[in-house]
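**Student:** Residue numbers for the sequence shown follow my numbering, so the first one is -14 and each next one is one higher. Beta carbons are placed, not taken as given, at the ideal position from N, Cα and C, and that holds for glycine. Predicted model, so just to flag it, every value in this text is computed and none were measured. Below you will find the structure I want to go over with you.
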Amino acid sequence: MRRFPEGFRWGTATAAHQVEGNNVNNDWWEWEHREGTVCVEPSGDACDQYHRYPEDLRLLGALGFDNYRFSVEWSRIEPEEGAFSKAALDHYRRVCAECLANDLEPVVTFHHFTTPRWAANDGGWHDARIVDRFARFCERTVEHLGDLIGRACTINEPNVVAYIGYQVGAFPPGILDADLWRASYENMIAAHRRSYEVLKAGRGEFPVGLTLSMSDYQPVPADDEKAIATRDTIRYFAEDVFLESCRGDDFIGVQTYSRTRVGPDGQLGPEEGVPVLVMGYEYYPESLAATIRRAWEVTEHVPVLVTENGIGTDDDEQRRRYVERALHGVLDCLDEGIEVLGYTYWSLLDNFEWAFGYGPRFGLVEVDRRTQERRVKPSAYWLSSVVRANALSDGSPG
Ligand code: BGC
C-alpha cells in the first residue's frame, strides 16, 4: 500500500449554477437562453440541489469523504446591487450546517463562473468597479456564514472565465476583445487580493486561496528550443500570472484535467493514438502531478490543495483508472516533499457542464434527469475505499 499522510483531505466539488437549478438571475442563465451562442442546452432545474442538498450531503458523508466544496451564488445573495437577501444567506448557512452535521468541512467558493446580471450588464469583469462589488459581496456573506466555513476559495479559474469569455466566445460575455481580456485579468487578480483580505478579516478563522485551471503544457518536440519558448509564453499568460499573484496565500487550488501540447508555432491538437474525451481533450491523468509541481514552484511553495480533478466519461471503469493514476501522481509529489493538502474529485454529481450541457458525465453519482434520483456509481465506492484506507494499493494502475 502507498499511504497518504495523516490529515490528508478528501472531498468532492460542485458549483451552484451546475447543480442548484433555476439560477435565473445571473449572466449564464441569460447566455444559455440567448440565440446564437454555442450552448447546447439550458441548465433548467440542474440537479435541484437547492432543495436536495440534505440528501446529497448525507450520501457524501456516508461515503467517508471529509469535505464538500460548493459555491455560493452571488446573484441569489445580492439580486440587485446593494440589495442582500437574508433568505438566500440563511439557505447557505443551512447548507454549511448540514455539511457539518455529516462530518463534512464546508469548502466555500465565492465566485464560480457566474456573475449577477446587474453586475454583468454594467461592465462585468472588464470594468474595475467589479473589484469593490465582489469584495462587498464577500464581506456580507462572510459576516453571515464565516463561523461555519472550513475553507474559502475566492475566484474559481479566473483564467478560464477570462479566456473563454473574451478570447474564445463560448462563455459570457462572449466579446472577443484582447483589451477587455487583459482588463478582466487585472480585475480578477485585484478582486482575489481584495477578497482574500476581506475573508481573512471577517467572521471565522479559515484558510483562503484561489483555484486555478492548470494544464501540463508540454513542448513538442520536447527538446525544441522554439517549442519550449512558445510553451513558456502561452503558459505564462494562462497560469503563471495568477500563480505569482497567489504567493503567500494559505493554499493554492490546483484544478487539472488534461495536458496541452505546444509546437514551435503554437498549440497542437491531441497526439495520435491517445484517447480523446468528450470534452475534446486527451485522456491524460499524469497531468495532475505535473501541475502540482508547477504550482508549488511558481507560487514559491504555497501548500497545494487539489480542488478539482476528474473525468467526463460514460465509462465508469475509465473514471476509476483515471483517478487511480492521478492519485499515484499525488503520492509521487508527496514523496518529493511537496506539501499537498488533499484531493477533491470533480464532481459529486453528473451536472450541467456549461456550454456542453448535460452530455459530459463527471459525477461519482448519477442523476436521473427526469426524476432527480441519485445513483452512486461503482467508481464512488472504489474512491470511498481509498478514502477510508487513506492509501492506494501499490499495483500498477491500468
Ligand atoms: C470548472 C468546472 C467544470 C469542470 C469540468 C472546471 O473548469 O471549474 O465548473 O465543470 O472544470 O470541465
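Please classify E321: does DSSP put it in a helix, a strand, or coil?
**Tutor:** In the sequence shown, residue 321 corresponds to position 336, counting from 1. The answer is coil: DSSP assigns E321 none of H, G, I, E or B.
**Student:** On a CA-only basis, which of F222, E66, N87 and A207 is nearest V145? Give me that one, please.
**Tutor:** Locating residue 145 in the sequence shown gives position 160, where the first residue counts as 1. Answer by Cα proximity: F222.
**Student:** Suppose you measure from the CA of V127 to the CA of L326; what does that come to, to the nearest Å?
**Tutor:** Position 142 of the sequence shown, counted from the first residue, corresponds to residue 127. Position 341 of the sequence shown, counted from the first residue, corresponds to residue 326. Cα to Cα, the separation comes out at about 23 Å.
**Student:** When you compare each of N106, R121, I62 and C138 to A94 by their alpha carbons, which one comes out closest?
**Tutor:** As a first step, residue 94 must be located in the sequence shown, where it is residue number 109. Note on residue identity: the sequence assigns Thr, not Ala, to residue 94. Checked all of N106, R121, I62 and C138; the closest Cα to T94 is C138.
**Student:** For M173, count neighbouring Cβ atoms within 10 angstroms of its own Cβ and tell me buried if that reaches 16, exposed if not.
**Tutor:** Counting from 1 along the sequence shown, the entry for residue 173 is found at position 188. Per the 10 Å Cβ criterion, buried.
**Student:** Note down the Cα distance separating W(-5) from L262, rounded to an integer number of angstroms.
**Tutor:** Residue numbering aside, residue -5 sits at position 10 when the sequence shown is read from its first letter. Residue numbering aside, residue 262 sits at position 277 when the sequence shown is read from its first letter. Spanning the two alpha carbons is a distance of roughly 25 Å.
**Student:** Determine the extent of the alpha helix (DSSP H) in which Q34 is found, giving its start and end residues.
**Tutor:** Here residue 34 is taken as the residue at index 49 of the sequence shown, counted from 1. Counting along the chain, the alpha helix (DSSP H) containing Q34 begins and ends at Q34 to A47.
**Student:** Would you be able to state if there are at least three C-beta pairs under 8 Å between the stretch 203 to 213 and the stretch 244 to 257?
**Tutor:** The stretch 244 to 257 vs the stretch 203 to 213: in contact.
**Student:** Give every residue of the same chain whose Cβ lies closer than 6 Å to the Cβ of F156, excluding the five residues on either side of it in the sequence, and list them in chain order.
**Tutor:** Here residue 156 corresponds to residue number 171 of the sequence shown, with the count starting at 1. I149 and G150, listed in sequence order.
**Student:** Using the beta-carbon count (16 or more within 10 Å), is H18 buried or exposed?
**Tutor:** Numbered from its first residue, the sequence shown carries residue 18 at position 33. By the 10 Å Cβ count, H18 comes out exposed.
**Student:** Could you check if A275 is buried or exposed, using at least 16 other CB atoms within 10 Å of its CB as the buried criterion?
**Tutor:** Here the question's residue 275 lines up with position 290 in the sequence shown. Buried: at least 16 other Cβ atoms inside 10 Å.
**Student:** Figure out for me which residue from P101, V205, D117 and D201 has the closest Cα to the Cα of R179.
**Tutor:** Taking the sequence shown and counting its residues from 1, the one referred to as residue 179 is at position 194. Ranking P101, V205, D117 and D201 by Cα distance to R179 puts D117 first.
**Student:** Skipping 5 residues on each side, what residues in its chain have a beta carbon closer than 7 Å to that of E63?
**Tutor:** Position 78 of the sequence shown, counting from 1, holds the residue named residue 63. Cβ neighbours of E63 beyond the five flanking positions: F69, P101 and F122.
**Student:** Comparing C-alpha positions only, which one of R216, F119, R188 and Y77 sits nearest to A175?
**Tutor:** For the purposes of this step, residue 175 is identified with residue 190 of the sequence shown, where counting begins at 1. Among R216, F119, R188 and Y77, the Cα nearest to that of A175 belongs to F119.
**Student:** Can you find at least 3 beta carbon pairs, one from the stretch 155 to 169 and one from the stretch 221 to 239, that sit closer than 8 Å?
**Tutor:** Cβ pair count under 8 Å is below three, so no.
**Student:** So is R360 buried or exposed if we call it buried at 16+ other beta carbons inside 10 Å?
**Tutor:** Locating residue 360 in the sequence shown gives position 375, where the first residue counts as 1. Counting Cβ neighbours within 10 Å, R360 comes out exposed, since fewer than 16 surround it.
**Student:** I'd like to check one pair, F347 with W331: are the Cβ atoms closer than 8 Å?
**Tutor:** Within the sequence shown, residue 331 is the residue found at index 346, counting from 1. Within the sequence shown, residue 347 is the residue found at index 362, counting from 1. It is a contact, given that the beta carbons lie within the stated cut-off.
**Student:** Bridge partners for I140 per DSSP, in chain order?
**Tutor:** One-based indexing of the sequence shown puts residue 140 at position 155. Bridge partners of I140: H96.
**Student:** With DSSP collapsed to three states, give me the class of Y268.
**Tutor:** Numbered from its first residue, the sequence shown carries residue 268 at position 283. Three-state DSSP puts Y268 in coil, outside helix and strand.
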